[in-house]
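Everything below concerns the one structure shown next.
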Amino acid sequence: MMATVKKDERLTSSQGFMCVGFAGVFSKTVTSPLEVVKILSQVGTFHCKRGFVQSFLLVYQKEGLRAFWKGNLVSCLRLFPYSAIHLATYKKIIHLHMDELGHISQWCAIVAGGTAGISAALVTYPLEVVETRLIAQNSHESKYRGLLHTLSSIYRNEGILALYRGFSLTVIGAVPFSIGCYAVYINLEKLWQERHFRFSSLQNFINGCLAAGVAQTLSFPFETVKRKMQAQSARLPHYGGVDVHFSGMIDCFRQVIKTKGVLALWSGFTANLVKIVPYFGLLFTCCEACKLLCLYRNGYIVSPLSYKLTPGVDQSLGPLELQELKRYQKNRKLQSHNSSMGNRW
Numbered sequence: 002m003m004a005t006v007k008k009d010e011r012l013t014s015s016q017g018f019m020c021v022g023f024a025g026v027f028s029k030t031v032t033s034p035l036e037v038v039k040i041l042s043q044v045g046t047f048h049c050k051r052g053f054v055q056s057f058l059l060v061y062q063k064e065g066l067r068a069f070w071k072g073n074l075v076s077c078l079r080l081f082p083y084s085a086i087h088l089a090t091y092k093k094i095i096h097l098h099m100d101e102l103g104h105i106s107q108w109c110a111i112v113a114g115g116t117a118g119i120s121a122a123l124v125t126y127p128l129e130v131v132e133t134r135l136i137a138q139n140s141h142e143s144k145y146r147g148l149l150h151t152l153s154s155i156y157r158n159e160g161i162l163a164l165y166r167g168f169s170l171t172v173i174g175a176v177p178f179s180i181g182c183y184a185v186y187i188n189l190e191k192l193w194q195e196r197h198f199r200f201s202s203l204q205n206f207i208n209g210c211l212a213a214g215v216a217q218t219l220s221f222p223f224e225t226v227k228r229k230m231q232a233q234s235a236r237l238p239h240y241g242g243v244d245v246h247f248s249g250m251i252d253c254f255r256q257v258i259k260t261k262g263v264l265a266l267w268s269g270f271t272a273n274l275v276k277i278v279p280y281f282g283l284l285f286t287c288c289e290a291c292k293l294l295c296l297y298r299n300g301y302i303v304s305p306l307s308y309k310l311t312p313g314v315d316q317s318l319g320p321l322e323l324q325e326l327k328r329y330q331k332n333r334k335l336q337s338h339n340s341s342m343g344n345r346w
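Residue numbers 2 to 346, in the numbering used here, belong to the letters of the sequence shown in order.
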């Protein structure tokens with residue numbers, strides 16, 4: 002099965018990045034309450050001892066409504082460098098393996114995505130640690146006050162390695178995640194009974210949700226242990242709220258299974274599963290809306306509310322080429338008008 006790497010050449014690089022970035026910030030902000038409950042469940046704080054619904058009530062009762070957006074600013078700030086590094090690395094790897102027609106095998110595309118994700122995570126991982134610490138703490142008795150204070154406190158009190166605690170699990174977890182994505186994508190044509198290049202936008206959205214659901218199910222235990230490692234600190238009250246105390250990755254797996262059972266490795270999975278559809282739905286919708294605005298501004302479509310093409314506009318031209326053509330046509334009309342005025346006199 003082959004995948005075609007497609008890019009809408011009618012958008013500039015900055016416009017494409019802006020569309021993805023804004024859509025990511027919007028979808029993360031709207032689904033932040035689910036992310037907060039998921040991380041609290043993974044860490045094992047008292048909020049999540051009574052189930053999914055009760056977790057929301059306890060967070061609201063103990064910390065108020067604003068607690069559902071703890072760490073969201075850091076998460077959104079992390080999105081931009083993460084996306085930039087991920088995209089640049091992915092494109093580099095893809096171009097090395099695509100053929101002259103721009104095709105690449107689905108497996109190579111997924112491996113490229115996993116490798117790019119690990120590269121981006123390596124650079125931005127300290128921000129993920131900060132996000133976990135901010136979410137795990139009680140906002141009414143906060144030890145950390147924002148991004149810079151959290152980074153400096155962890156570095157000063159625990160050392161620079163604490164900012165990368167659990168990173169190996171990001172690398173290990175990428176394997177089952179990639180396998181999950183691959184398992185879904187190799188069966189999509191059988192599922193829809195048609196070739197992949199005929200998939201509609203709705204089908205691609207369903208495909209994305211399905212792939213994310215399966216991939217995250219397989220990789221979730223690694224993320225759970227990673228979150229526990231990020232949150233645990235001997236310098237924090239109650240070790241940061243982590244429900245088991247451990248000396249490393251293997252010991253954390255062992256302690257969780259021994260004291261809580263194997264299913265505890267999927268703590269918070271309900272919140273994560275519920276989050277998938279609205280997150281990807283908002284991401285897809287917002288990205289498409291931003292794209293429409295950019296295409297309208299560039300002159301390719303007649304309205305920012307639909308994809309109806311502007312009559313007489315060559316859609317194969319790049320944005321700068323189209324601007325240059327319009328400027329040339331405008332100058333010609335102006336010159337023609339001036340010459341006709343001169344002939345009258």
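For glycine and all other residues, C-beta sits at the position ideal for the given N, C-alpha and C.
Worksheet entry | Cβ-Cβ distance between L12 and K292 below 8 Å | Cβ distance < 8 Å, so L12 and K292 count as in contact.
Worksheet item: Quick one, are the C-beta atoms of V130 and I161 less than 8 Å apart?
Response: no
Fill in: Unbroken alpha helix (DSSP H) run spanning H87, endpoints
73-98
Worksheet item: How many Å lie between V124 and K331 at the Cα?
Response: 47 Å
Item to complete: Per DSSP, which residues does L310 bridge with? Please list them.
Response: I302
Practice prompt. Spatial neighbours of Y145 within its chain, please: CB distance less than 7 Å, with the 5 preceding and 5 following residues excluded, ordered by chain position.
Written response: R134, L135, Q138, T151, S154
Item to complete: Tell me whether S307 is buried or exposed, calling it buried when 16 or more other Cβ atoms sit within 10 Å of its Cβ.
Response: Around the beta-carbon of S307, fewer than 16 other beta-carbon atoms lie within 10 Å, marking it exposed.
Fill in: heavy atom of the ligand NAP below 7 Å from G319 C-beta
The ligand NAP is not part of this structure, which contains no ligands at all.
Fill in: Three-state class that DSSP yields for S106 in the structure shown
Secondary structure of S106 (DSSP, three-state): strand.
Item to complete: Give the DSSP-derived three-state secondary structure of T32 in the structure shown.
Response: coil
Practice prompt. For my contact list, K227 and G167 are in at a C-beta cut-off of 8 Å; report their separation, rounded to the angstrom.
Written response: 4 Å
Worksheet item: Cβ of C182 within 8 Å of Cβ of I277?
Response: In this structure, C182 sits away from I277, with a CB-CB distance that is not shorter than 8 Å.
Practice prompt. Note down the Cα distance separating Y83 from R196, rounded to an integer number of angstroms.
Written response: 32 Å
Worksheet entry | Boundaries (first-last residue) of the alpha helix (DSSP H) holding Q55 | 53-64
Practice prompt. Can you grab the Cα-Cα spacing for the pair T46 / S317, in whole Å?
Written response: 55 Å
Worksheet item: If you draw a straight line from the C-alpha of D252 to the C-alpha of Q204, how long is it?
Response: 42 Å
Fill in: Beta-carbon spacing of L284, A122 below 8 Å
Contact check for L284 against A122 fails: the beta carbons are separated by 8 Å or more.
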